[in-house]
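Chains A and B supply the protein sequences, listed in that same order. Numbers 256 to 635, taken from this note's numbering, label the letters of the first sequence in order. Numbers 3 to 510, taken from this note's numbering, label the letters of the second sequence in order. Worksheet for the structure shown next.
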Amino acid sequence: MADTVSSAGAPAMFGAKSYPAALEWIARRAEAFVIPLAALIVGMALFSLFIALVGKSPVQLYETMWRGGFGSWFSIQNSLSRAAPLLLAALCVALPARLGLVVIGGEGAIVLGGVAAAAMGVATSGAPAFFVVLAMGVAGLAAGGIWIGAVGALRHYRAVNETISSLLMAYIAIALMNHLVEGPLRDPASLNKPSTEPLAEAYRIGNIPGMDVHWGLVVGVIACILSWLLIEKTRWGFAARIAGGNVRAAQVQGLAVGPLIVGFTALAGGFAGLAGMLEVAAVQGSANASLAAGYGYTGILVAFLARHNPLAIIPVAFLLGGIDASGGLIQRRMDLPDATVLVLQGMLFVVILFSETFYGRFKAFNPDLWQRPVLLKGTA
Amino acid sequence: MSDRKKAVGVETIGMTMRFGAFTALDDVSIKVPAGSFHALLGENGAGKSTLVKCMMGFYHPTAGDILVDRREVAITSPKDASALGLGMVYQHFTLVPSLTGAENLVIAREKVPGIIDWRKERAALAQFMQRMPFKLPLDVKVAELAAGEKQKLEIIKQLYLGRSFLVLDEPTSVLTPGEAQEVLGLVRGMTKAGDLTVLMISHKFHEVTAFADDITVLRKGRLTGTGKVSELSHKRMAAMMIGDQPIAALDSRAPVPVGARQILTVKALKAPDRTGLKTIHIGALDVKSGEIVGVAGISGNGQKEFLEVLAGQRARDAGDVLVKGSPYGASRAEARTLNVRFIPEEPLRNACAPRMTVAENMAFRTFDLNEAGKPINWIKMSAIRDYAARLVEHFKVKTASLASPISSLSGGNVQRAVLARELTGEVDLLIVSNPCFGLDFSAVAEIRARIMKARNAGAAVLLMSEDLDELLELSDRIFVMSDGALVYETPIAQASVQTIGEHMAGHH
Numbered sequence: 256m257a258d259t260v261s262s263a264g265a266p267a268m269f270g271a272k273s274y275p276a277a278l279e280w281i282a283r284r285a286e287a288f289v290i291p292l293a294a295l296i297v298g299m300a301l302f303s304l305f306i307a308l309v310g311k312s313p314v315q316l317y318e319t320m321w322r323g324g325f326g327s328w329f330s331i332q333n334s335l336s337r338a339a340p341l342l343l344a345a346l347c348v349a350l351p352a353r354l355g356l357v358v359i360g361g362e363g364a365i366v367l368g369g370v371a372a373a374a375m376g377v378a379t380s381g382a383p384a385f386f387v388v389l390a391m392g393v394a395g396l397a398a399g400g401i402w403i404g405a406v407g408a409l410r411h412y413r414a415v416n417e418t419i420s421s422l423l424m425a426y427i428a429i430a431l432m433n434h435l436v437e438g439p440l441r442d443p444a445s446l447n448k449p450s451t452e453p454l455a456e457a458y459r460i461g462n463i464p465g466m467d468v469h470w471g472l473v474v475g476v477i478a479c480i481l482s483w484l485l486i487e488k489t490r491w492g493f494a495a496r497i498a499g500g501n502v503r504a505a506q507v508q509g510l511a512v513g514p515l516i517v518g519f520t521a522l523a524g525g526f527a528g529l530a531g532m533l534e535v536a537a538v539q540g541s542a543n544a545s546l547a548a549g550y551g552y553t554g555i556l557v558a559f560l561a562r563h564n565p566l567a568i569i570p571v572a573f574l575l576g577g578i579d580a581s582g583g584l585i586q587r588r589m590d591l592p593d594a595t596v597l598v599l600q601g602m603l604f605v606v607i608l609f610s611e612t613f614y615g616r617f618k619a620f621n622p623d624l625w626q627r628p629v630l631l632k633g634t635a
Numbered sequence: 003m004s005d006r007k008k009a010v011g012v013e014t015i016g017m018t019m020r021f022g023a024f025t026a027l028d029d030v031s032i033k034v035p036a037g038s039f040h041a042l043l044g045e046n047g048a049g050k051s052t053l054v055k056c057m058m059g060f061y062h063p064t065a066g067d068i069l070v071d072r073r074e075v076a077i078t079s080p081k082d083a084s085a086l087g088l089g090m091v092y093q094h095f096t097l098v099p100s101l102t103g104a105e106n107l108v109i110a111r112e113k114v115p116g117i118i119d120w121r122k123e124r125a126a127l128a129q130f131m132q133r134m135p136f137k138l139p140l141d142v143k144v145a146e147l148a149a150g151e152k153q154k155l156e157i158i159k160q161l162y163l164g165r166s167f168l169v170l171d172e173p174t175s176v177l178t179p180g181e182a183q184e185v186l187g188l189v190r191g192m193t194k195a196g197d198l199t200v201l202m203i204s205h206k207f208h209e210v211t212a213f214a215d216d217i218t219v220l221r222k223g224r225l226t227g228t229g230k231v232s233e234l235s236h237k238r239m240a241a242m243m244i245g246d247q248p249i250a251a252l253d254s255r256a257p258v259p260v261g262a263r264q265i266l267t268v269k270a271l272k273a274p275d276r277t278g279l280k281t282i283h284i285g286a287l288d289v290k291s292g293e294i295v296g297v298a299g300i301s302g303n304g305q306k307e308f309l310e311v312l313a314g315q316r317a318r319d320a321g322d323v324l325v326k327g328s329p330y331g332a333s334r335a336e337a338r339t340l341n342v343r344f345i346p347e348e349p350l351r352n353a354c355a356p357r358m359t360v361a362e363n364m365a366f367r368t369f370d371l372n373e374a375g376k377p378i379n380w381i382k383m384s385a386i387r388d389y390a391a392r393l394v395e396h397f398k399v400k401t402a403s404l405a406s407p408i409s410s411l412s413g414g415n416v417q418r419a420v421l422a423r424e425l426t427g428e429v430d431l432l433i434v435s436n437p438c439f440g441l442d443f444s445a446v447a448e449i450r451a452r453i454m455k456a457r458n459a460g461a462a463v464l465l466m467s468e469d470l471d472e473l474l475e476l477s478d479r480i481f482v483m484s485d486g487a488l489v490y491e492t493p494i495a496q497a498s499v500q501t502i503g504e505h506m507a508g509h510h
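Here's what the structure looks like:
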């Protein structure tokens, strides 16, 4: 990169000294890795204080967390299972974020995607398994896509704040799900927990061979990779990044900002809907109130920690899945409430948002500042 | 508010300001005697605003002293400056538009009582206004005042707060020529009477000559000249400002060929303005190939809305926009087939994504095409970088690296990058708005030269500018836009600043 410019003769103003292009490349990318990592550490330190205040040992807590989330093959599989929906839920935040939108209502798309998939599963019952699962996936995608796509359309065409509308629409979605599973779609046999009719065993999504983790994990990872390709390598992704970087500049270039926003939000919602479908087809077996398990909200944290980079979502979702998975063990071993991990998530989120203010502040990550002293030494 | 204060004089001795390794101000001593009107000249980045910010207590100089009325003072905060009677009027208004003039004045005071006795305040204000040379309606909301009145109110606010040394930062940039004359004339009168000392930052030589006593010129943080206005020519002042760097010369103007093709046609265009309460109405406007049509006007008279309609950012209620005879809706496909290019004002805000790289920003127009000009779905970053490297070289964009975010470039280089993007390839229609706003001398000259070159190469150019000098230099014809409509048209040969100014102010 730097050498391309040198050959163009542009940075003559910076004098003789220049840095290897590779170093510059690494420095520019290191920022997005180091700052979230530091934020993670600070957040965990703050959480230690909280734990100490409740009179427990932070060391023991983190040790338990490690054991519950990552310490054994069993716990790793548990974490991966929880990471699967988080991958898709995080994409529901990350894709709109590249267009400059803050969508936080992925939970609604998950819930509706699950209900639509369950209904589709019942409706197509009797057909070949492959067809039923496919139809359920499409139904989940479509339901979530319409839901969050509507948020994008409201934003662009009617200037409704997408953060608020997506959150409020999540409440509507949950209410709609409750209405459907307790009313029209209720399986009369479900007495204590109103649910839709259970899927036949043949239509359930099974585990990845050799693991106690369902195929949803693979779907999530593929979705992340495809999303990365879409954003970084295609013309639509580039156009979306322009619109996200400055919507006026995109309009001046004649880019169709409206369709881009609706398309990206619909795709994002579709992924979240797919997460709901996987919860139904691989975990619950039917749609019920358990669909609103908070994956949509944890997904927000995952996306922000990953700086809305779809590839970075993969490890971060595993990490957060692990923290989530350790909740039960923490409860049993340390006599702390199950919600303890939610406190940790909340603290992490505040620290992550705060860390946004540090970008561009460190010289080590900003090669544009490196050359400057050289220039001044040369001329002064 | 308080008793009338006599003007104070201000001196700086050996002011030096360093930001890290960068020296913004290097041993600058200036002397502004009490009751004088002093002009501070210099290009962008010459250190003018650093100097006045040191005086106003916003910055703490690395070295140097400030003398007020020949006594050394320590100004460590804007509060100290205010206590000494030093005040500043900014380039852009700092009044609260939804409040009246009186309310703005009272809330600007350092100590506002918890409960304001408006009857008493109004009486005090009326008394204060009697001593002022300007008359202003103080019970009208600031939003309803004209720009000239707002600027007067800004000055009155400073006087009301008891300041007797004022820094005016390009005070006339938002005024019509007539308003500028009036405001500066009144201020001049106050300095002559010994009530006020003025230090004015300006780019406009004719204002400096007409109103100032002395000038000080800065270049690259150093003092490069000082003297009496009466003894200096504009040429001499310009030489002090820019040194001996070469300035791009304007191409000589090729005559507009007779029967040149009409490129842009606007007919009976109607669109809502920003507030939604008024409409802008463009009766008829046409721009031919090889001609620059300038649109003059004070900002806020509908130019922005008109541009937004042309750029497809604002829906229109009625009317036609035709380019080469075909309807133009500013889609990417239309812009591409009809060779329409758009250079909005403040390029970093309106034409770039600040955090994307220089290379990416330069590819905004062409990223979805391959070398042969065919649409592609998969982006090649290497092609984008190569393309940008060529343009950077050709348009002399100074950047540390193609991977730098474009926001790290100076204003002139951002504009060069945008020009490189928009002026490459065949251009039939070029729509430009305030292309040189806030840029330094050499960048301005180069950018105007590029626009003239595009014109001579056959492009039709629609140039909207708030800088009358720029319009007079570049245009073949000038329109005046006022209150949402084109109210006056003149060929350049018959253009007079006087008449144009009157139409800008809506006096016809």
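C-beta atoms are modelled at their ideal positions from N, C-alpha and C, and glycine is treated no differently.
Among B:421, B:442, B:405, B:420, whose alpha-carbon lies nearest the alpha-carbon of residue 277 of chain A? Among B:421, B:442, B:405, B:420, the Cα nearest to that of residue 277 of chain A belongs to B:405.
Assign residue 442 of chain B to one of three DSSP states: helix, strand, or coil. Correct three-state label for residue 442 of chain B: coil.
Name, going along the chain, the residues of the region 493–523 of chain A whose beta-carbon falls closer than 7 angstroms to a beta-carbon of chain B. 493, 496, 497, 500, 501, 503, 504, 506, 507, 508, 509, 510
Under 8 angstroms, Cβ to Cβ, is there at least one residue of chain B near residue 283 of chain A? Under the Cβ criterion of 8 angstroms, residue 283 of chain A is counted among the residues facing chain B.
Should residue 623 of chain A be flagged as near chain B, meaning a C-beta pair shorter than 8 angstroms? yes
Compile a chain-ordered list of the residues in the region 301–333 of chain B whose CB is closer than 7 angstroms to at least one CB of chain A. 313, 314, 315, 332, 333
Starting from residue 531 of chain A, follow the beta strand (DSSP E) in both directions and report where the run begins and ends. Where residue 531 of chain A is concerned, there is no enclosing beta strand (DSSP E), although the alpha helix (DSSP H) it sits in stretches over 512–533.
Go to residue 471 of chain B, then tell me how far its alpha helix (DSSP H) extends in each direction, as first and last residue. 470–476
Residue from B:220, B:315, B:301, B:420 whose Cα sits closest to the Cα of residue 18 of chain B: Selected option, being the one with the closest Cα: B:220.
Pull up the CB-CB distance for residue 188 of chain B and residue 115 of chain B, whole angstroms please, since I reckon it's below 8 angstroms. At roughly 31 angstroms, the Cβ-Cβ gap does not stay under 8 angstroms, so residue 188 of chain B and residue 115 of chain B are not in contact.
Residue 270 of chain B (DSSP reduced to helix, strand or coil): strand
Shortest alpha-carbon distance to residue 345 of chain A belongs to which of A:444, A:306, A:572? Comparing alpha carbon positions, the residue from A:444, A:306, A:572 closest to residue 345 of chain A is A:572.
Through-space distance from residue 244 of chain B to residue 45 of chain B, alpha-carbon basis: If I take the Cα positions, the gap works out to 7 angstroms.
Taking residue 588 of chain B as part of the alpha helix (DSSP H), name the residues at either end of that continuous run. Shown here, chain B extends from 3 to 510; a query on residue 588 of chain B therefore has no answer.
When we look at the beta-carbon of residue 480 of chain B and count the other beta-carbons within 10 Å, is it buried (16 or more) or exposed? buried
So, helix, strand or coil for residue 51 of chain B, using DSSP? DSSP places residue 51 of chain B in helix when its eight states are reduced to three.
Name the DSSP beta bridge partners of residue 192 of chain B, please? In DSSP, residue 192 of chain B forms no bridge with anything.
Which chain A residues sit within Cβ distance under 7 angstroms of residue 352 of chain B? 503, 504, 507
Return the chain-ordered ranges of every alpha helix (DSSP H) run that is complete within the region 301–372 of chain A and spans a minimum of 4 residues. 313–324, 328–353
What's the call for residue 596 of chain A, buried or exposed, on a 16-neighbour Cβ count within 10 Å? buried
Buried or exposed by the 16-neighbour rule on C-beta atoms within 10 Å, applied to residue 237 of chain B: exposed
Among A:370, A:381, A:442, A:499, whose alpha-carbon lies nearest the alpha-carbon of residue 393 of chain A? A:370
Using a Cβ-Cβ distance under 8 angstroms, would residue 511 of chain B count as near chain A? Since the displayed chain B opens at 3 and closes at 510, residue 511 of chain B lies outside it and no answer follows.
Can you give me the start and stop residues for the beta strand (DSSP E) that residue 61 of chain B sits inside? From DSSP, residue 61 of chain B is part of no beta strand (DSSP E); its letter is neither H nor E.
When you compare only the Cα positions, how much space is there between residue 432 of chain A and residue 407 of chain A? 22 angstroms
Between which two residues does the beta strand (DSSP E) holding residue 322 of chain B run? 320–325
For chain B, find out if any of its Cβ atoms is closer than 8 angstroms to the Cβ of residue 413 of chain A; answer yes or no. no
What is the DSSP secondary structure of residue 481 of chain B, counted as helix, strand or coil? strand
Does the distance from the CB of residue 430 of chain B to the CB of residue 461 of chain B come in under 8 angstroms? Yes. Within cutoff.
Taking the runs of the alpha helix (DSSP H) that are 4 residues or longer, which of them lie wholly in the region 193–227 of chain B? 207–213
Of the listed residues B:106, B:202, B:446, B:171, nearest to residue 558 of chain B (C-alpha basis): For chain B, the structure presents residues 3 to 510; residue 558 of chain B sits outside this window and is missing.
How long is the line joining the alpha carbons of residue 260 of chain A and residue 155 of chain B, rounded to whole angstroms? Low confidence applies to residue 260 of chain A: its pLDDT is 38, below 50, so where it sits in the model is not reliable enough to give any reading.
Ordered along the chain, which non-local residues of its own chain (more than five positions away) have a Cβ less than 6 angstroms from that of residue 49 of chain B? 26, 27, 220, 223
Whole angstroms are fine: how far does the CA of residue 446 of chain B sit from the CA of residue 438 of chain B? Counting only the Cα atoms, residue 446 of chain B lies some 5 angstroms from residue 438 of chain B.
When the cut-off is 8 angstroms and only beta carbons count, does residue 448 of chain A lie next to chain B? no
Can you pull out the residues from the region 397–410 of chain A whose beta carbon lies closer than 7 angstroms to at least one beta carbon of chain B? none
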